[in-house]
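Residue numbers (our numbering): 175 to 379.
Structure below.
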């Protein structure tokens, strides 16, 4: 892999990860598994401290909007329509690592109380680390690069490098909800504002 980010691929079984190695984990979970559902596997991964911060992509059998919503509610960060092969997995991981606004990985953004360290994949509010998953981190970085500007869902999907395969625009609402909760938990208030029928804006003041 390029750069400093390393991804651990683990084959996942109902009784837990078969193998874990150092580094962030990208987990691809089938919608239907031999002994349990993919939704239950997502919940177990989130509940296990070894994989709680993994980037989870659920592999759907059908392009169904309700299944997508259920997957995100169960803890998945993303979804993809199966069947998938090794190339599709690598393409998605590379998009996860390099997708988004084209900025230097060493960039540090400061916007009021918000500090974003792209190299460390860490965001802080008033010096306190925000608890963000990869998608929400990249969304926040993109907002910080474009403060006080209305961004459409399509803009945000493009910023995350998720045009291919296409992502349901409503999925952005789930990511925004998670980002808002993380900001509120740090006392940042309602920084990400909804602009009806248009999109979202990060209010810098």
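Beta carbons are placed, not taken as given, at the ideal position from N, Cα and C, and that holds for glycine.
Pick from the options that is closest to residue i, judged by C-alpha positions
i           : options            : result
residue 204 : 379, 297, 224, 241 : 241
residue 266 : 202, 215, 345      : 202
residue 335 : 325, 323, 313, 355 : 313
residue 326 : 347, 374, 341      : 374
residue 224 : 238, 317, 199      : 199
residue 353 : 317, 369, 324, 323 : 317
residue 323 : 362, 349, 368      : 368
Rounded Cβ spacing between residue i and residue j (contact assumed at less than 8 Å)
i           : j           : result
residue 372 : residue 321 : Wrong, their Cβ atoms sit about 16 Å apart, outside the cutoff.
residue 290 : residue 315 : 5 Å
residue 256 : residue 234 : 6 Å
residue 221 : residue 232 : At roughly 16 Å, the Cβ-Cβ gap does not stay under 8 Å, so residue 221 and residue 232 are not in contact.
residue 281 : residue 294 : The pair is not a contact, with the Cβ atoms about 11 Å apart (cut-off 8 Å).
Nearest-angstrom Cα separation, counted from residue j out to residue i
i           : j           : result
residue 343 : residue 296 : 25 Å
residue 283 : residue 319 : 8 Å
residue 310 : residue 328 : 15 Å
residue 377 : residue 258 : 39 Å
residue 366 : residue 345 : 16 Å
residue 330 : residue 252 : 14 Å
residue 254 : residue 262 : 9 Å
residue 236 : residue 207 : 15 Å
residue 349 : residue 370 : 17 Å
residue 260 : residue 211 : 22 Å
Residues of its chain near residue i, where Cβ-Cβ distance is below 8 Å and the 5 sequence neighbours each way are ignored
i           : result
residue 360 : 299, 300, 302, 304
residue 219 : 186, 201, 203, 225, 226, 228, 230, 249
residue 358 : 364
Nonlocal neighbours in the same chain, by C-beta distance under 7 Å from residue i, ignoring five residues either side
i           : result
residue 248 : 213, 216, 217
residue 239 : 342
Neighbourhood of residue i by C-beta, 6 Å cutoff - its chain only, sequence neighbours within 5 removed
i           : result
residue 356 : 304, 305, 306
residue 332 : none
residue 264 : none
residue 362 : 299
Start-end ranges of the alpha helix (DSSP H) lying completely within the segment 327 to 352, minimum 4 residues: 327 to 333
Entirely enclosed beta strand (DSSP E) segments - the segment 206 to 277, minimum 3 residues: 229 to 234, 252 to 255
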